[in-house]
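Visitor:
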Amino acid sequence: MANINVDSEKNRTYEAIVIGSGISGGWAAKELCEKGVKTLLLERGRDVKHIKDYPTTNLYPWEFEHRNEMPYAVKKEAPIVNRCYAFHEDAAHFFVKDKEHPYVQEKPFDWIRGYQVGGKSLLWARQTQRWSDFDFEGPARDGFAVDWPIRYADLKPWYDHVERFAGIAGDKDGLPELPDGEFLPGYPLNIVEKYFKEQVEGNFPGRKLISARCAHLSEPKQIHLDQGRVKCQNRTLCQRGCPFGGYFSSNASTIPWAAKTGNLTLRPHSVVHSILYDETKGKAVGVRVIDNETKEEMDFYAKVIFLNAAAINSNLILLNSKSQRFPNGLGNDSGTLGKYFAFHNYSARIYAEYEGFLDYTTDGRSPAGGGYIPRFRNLHKQEMDFLRGYAAGFGAYRMQNANESGMGKELKDSILNPIYGNWAVGSHMMGETIPKESSYLTLDSTLKDPWGIPQLKVSVDYDDNDKKMVKDYLDVMEEMFTKAGFQNIRRDDAYQAPGLDIHEMGGVRMGLDPKTSMLNKWHQLHACPNVFVTDGACMTSTSTQNPSLTYMAFAARAVDHAIQEIKKGNL
């Protein structure tokens, strides 16, 4: 019997384990496997194979039972996920429904999740901007969080690395607050977006509007063709999964690439219960998994563990990884685990119409989604009555009106030949929120989820800083819209719970001091250095940029360091 147990453990032992197969986990697995490391990639959801498991990708609108609308009964049963803009018939199978993984909201929080191989990399908005030293130095300068242990120079070569492989479309804009990257050709602004760019930059010094940078293959290079990916077809049906691999996802890119090395073992349906800590060895030795189909509990072992379960679940796993050495969660000597949680404030929008350029309309679809206004508040000095700042999206399209009251040929002709109206323009804010000790994640003491794991308890809210920022954004955009001659301006700051931005960050923050942070500059737990965290949980602050590109760079950089440490015998 002892030999059987030894063999069983041997069969479940790898050189590295990666928890989570989304954007950051896919990158960790790719980098490890490329470097010859036998890697187990754990995913709590089902397998999703590129192309094969995109059931709606080529369907026409009339082929959906409800014309792509979710039935009322589903909306009523899942009000949280229903608030997500992409939750429709064509992509509903990639979302977690509310009852499938319950959690406790001490304050309203919309937790949007995708439990499958690839995670939310199948669903993300694909917007990609680098951070700059304005972002990495912000906490030290403004005193709103602990100092980041890294700067832009530490991450630049890794931004270069992941951009070349993933494929990022953008323009060289020469902005110190938004560093240029290794870009494929950018997607051009349309006529009204160009007009607004001229109005903004001509009338408001220091403010810019650029073509949005996005993870789409506008002009594939050989490295992308080698992945089996081809040029983006501008279908803008990305949430269904792209059969062309036109946008970056773990499913189309990093996971197949890792698999080709022969070093990857992918195990879906593996809900991670906790990370195993060996008191005598003084390090983590493996991962406890509950099989999602059989509910069987099993342990897997490795000398290095990468935690990439997405920010909230990574916090949950560490909080649940308790031992005599770490009674309050793995690595939690500082008492900061689960605290200083933050997000992006997407709660304000503004809309208008424009009566100019009525002899133009848009030609095709842009996967970039229009323009991007980089942060300009509090950049070089503290000038406002709030800390940090916001970025903004901007887009324009020509409104169409079709008379659908007729029948037969009259109705068909009306639909096929719509009457064009004015241009519609709109913007949404992406505000930086301040990490606070009062914004936290913890485990409920009594409630369990379907796998017997304590339910997560979320206590996160907006503050006065957020409210001041929202007002400034709306005032600024209204001023710029008015200057550009836009009409029928409508401000929208209706309440939106935190979480719907889907940019959860923090709880396992990086820092220089183990007394005030969880991770060092290489993403290792200060108190358990063979565990790395390179997803959103590691974030010390949020900046205003979409975070996924930074997670990719973090993962690649951390794997490189882990390999060096393994070779030195330190892990």
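In the numbering used here, each residue carries its 1-based index in the sequence shown increased by 194. Every residue, glycine too, gets a C-beta built ideally from N, C-alpha and C. Bear in mind that the values here come from a model prediction, so they are computed numbers and not experimental data.
1. Take every Cβ of the region 533 to 543, pair it with every Cβ of the region 623 to 641, and state whether three or more of those distances are shorter than 8 Å.
2. In this structure, does DSSP put Cys436 in helix, strand or coil?
3. Would you mind stating whether Arg569 and Asp666 have Cβ atoms separated by less than 8 Å?
4. Assuming Gln416 is part of the alpha helix (DSSP H), what are its boundary residues?
5. Which whole-angstrom value describes the C-beta separation of Ser443 and Ser315, a residue pair presumed to lie in contact below a C-beta threshold of 8 Å?
6. Is His282 near Met264, with beta carbons less than 8 Å apart?
7. Considering Cα atoms alone, identify which of Val664, Asp695, Asp247, Val619 is closest to Val275.
8. CB-CB under 6 Å to Pro692, same chain, minus the five flanking residues each way: which ones, in chain order?
9. Quick one: complete alpha helix (DSSP H) runs, 4+ long, within the region 639 to 682?
10. To the nearest angstrom, how far is the alpha carbon of Glu698 from that of Pro343?
11. Is the Cβ-Cβ distance between Ile544 and Asp686 less than 8 Å?
12. Among all the DSSP beta bridges, which residues are the ones paired with Gly583?
13. So which of Val465, Thr736, His574 has the shortest CA-CA distance to Gly400?
14. Measure the alpha-carbon distance for Lys229 versus Pro521 and round it to whole angstroms.
15. Let me check understanding here. Comparing Cα to Cα, which of Phe258, Trp318, Val664 lies closest to Gly216?
16. Let me know the secondary structure DSSP gives Glu237 once reduced to three states.
17. According to the neighbour-count rule (16 or more other Cβ atoms, all chains shown, within 10 Å of its Cβ), is Asp341 buried or exposed?
18. Evaluate Ala222 with the Cβ neighbour count: other Cβ atoms within 10 Å of its Cβ, from every protein chain shown; 16 or more gives buried, anything less gives exposed.
19. Give me the Cβ distance between Thr530 and Thr710, rounded to the nearest whole Å; I'm assuming they're in contact under 8 Å.
20. Would you report the Cα separation of Asp669 and Asn616, rounded to the nearest angstrom?
21. Whose C-beta lies closer than 8 Å to the C-beta of Lys642 among residues of the same chain, with five residues either side of it excluded?
22. If you reduce the DSSP assignment to three classes, tell me which class Lys388 lands in.
23. Would Tyr634 be called buried (16 or more neighbouring beta carbons within 10 Å of its own) or exposed?
24. Does the Cβ-Cβ distance between Ile362 and Phe377 come in under 8 Å?
25. Please confirm if the region 547 to 556 is in contact with the region 369 to 387, defined as three or more CB-CB distances below 8 Å between the two stretches.
26. When you compare the CB positions of Val725 and Leu524, do they come within less than 8 Å of one another, or not?
27. Under the three-state reduction of DSSP, which class applies to Met699: helix, strand or coil?
28. Report yes if the C-beta of Asp707 is less than 7 Å from at least one heavy atom of the ligand ATP; otherwise report no.
Guide: Quick look at the numbers:
1. Output reads yes: the region 623 to 641 touches the region 533 to 543.
2. Cys436 carries a coil assignment under DSSP once its states are collapsed to helix, strand and coil.
3. Result no, Cβ atoms of Arg569 and Asp666 do not sit closer than 8 Å.
4. Taken as a continuous stretch (DSSP letters only), the alpha helix (DSSP H) holding Gln416 covers 416 to 420.
5. Correct: roughly 4 Å between the Cβ atoms.
6. For His282 and Met264, yes; Cβs fall inside 8 Å.
7. Taking Val275 as reference, the option from Val664, Asp695, Asp247, Val619 with the minimal CA-CA separation is Asp695.
8. Close CB contacts of Pro692 within its chain, under the 6 Å cut and outside five residues either way in sequence, are with Phe303, Phe537, Val654 (chain order).
9. If we require 4 residues or more, the alpha helix (DSSP H) runs fully inside the region 639 to 682 come out as 658 to 677.
10. Their backbone Cα atoms lie some 20 Å apart in a straight line.
11. In this structure, Asp686 lies closer than 8 Å to Ile544 by Cβ.
12. DSSP output for Gly583 lists no bridge partner at all.
13. Ranked by Cα distance from Gly400, the first of Val465, Thr736, His574 is His574.
14. Those two C-alpha atoms are separated by around 35 Å.
15. Looking at the Cα atoms, Trp318 is the closest of the given residues.
16. Coil at Glu237, not helix or strand.
17. So Asp341 ends up on the buried side.
18. Counting Cβ neighbours within 10 Å, Ala222 comes out buried, since at least 16 surround it.
19. That pair is a contact at about 7 Å.
20. C-alpha separation (whole angstroms): 23 Å.
21. Once the five neighbours on either side are set aside, the close Cβ partners of Lys642 are Pro648, Gln649.
22. Note: Lys388 maps to helix in three-state DSSP.
23. By the Cβ-count criterion, Tyr634 is buried, with 16 or more other Cβ atoms from all chains shown falling within 10 Å of its own Cβ.
24. Cβ distance < 8 Å, so Ile362 and Phe377 count as in contact.
25. Verdict: yes, contact present.
26. Yes, the Cβ-Cβ distance between Val725 and Leu524 is below 8 Å.
27. In the structure shown, Met699 sits in a strand (DSSP, three-state: E or B).
28. Inclusion of the ligand ATP in the displayed structure is not the case, the ligand content being empty and no account of it being possible.
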